[in-house]
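Enquirer: Counted the way my numbering counts, the sequence shown spans residues 5 to 50.
Just so you know, even glycine gets a beta-carbon here, dropped at the ideal spot from N, CA and C.
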Amino acid sequence: SPGALVQGEIEKSCRQALVNTFGGGVNEVQREIIATTGLKMPRARR
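(1) Give me the Cα-Cα distance between Lys-44 and Ile-37, rounded to the nearest whole angstrom.
(2) In this structure, how does DSSP classify Ala-48 when only helix, strand and coil are distinguished?
(3) Along the chain, where does the alpha helix (DSSP H) that runs through Val-33 open and close?
(4) How about Thr-40 and Arg-47: do their beta carbons lie closer than 8 Å?
(5) For a test of the three-state rule: what should DSSP assign to Gln-20, helix, strand or coil?
Printed below as a string of structure tokens:
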């Protein structure tokens, strides 16, 4: 809103910080996420 002091910059910074902390995940985890969500494959047993 026009009356906001920082125009949503605090929320924007918090959202970006959360995304950046997950940015360098393990290769196997990324492959499993792609397989299960994108390719609709079953999850690997562990």
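Expert: Reading it off the structure:
(1) Within the sequence shown, the letter at position 40 stands for residue 44. Within the sequence shown, the letter at position 33 stands for residue 37. Straight-line measurement puts the Cα of Ile-37 at about 10 Å from the Cα of Lys-44.
(2) Position 44 of the sequence shown, counting from 1, holds the residue named residue 48. Ala-48 falls in the coil class under three-state DSSP.
(3) Mapped onto the sequence shown, residue 33 falls at position 29. Its alpha helix (DSSP H) spans residues 31-37.
(4) Residue mapping note: residue 40 aligns to position 36 of the sequence shown, counting from 1. Residue mapping note: residue 47 aligns to position 43 of the sequence shown, counting from 1. Between Thr-40 and Arg-47, the CB-CB gap stays under 8 Å.
(5) Within the sequence shown, numbered from 1, the residue matching residue 20 stands at position 16. It is helical.
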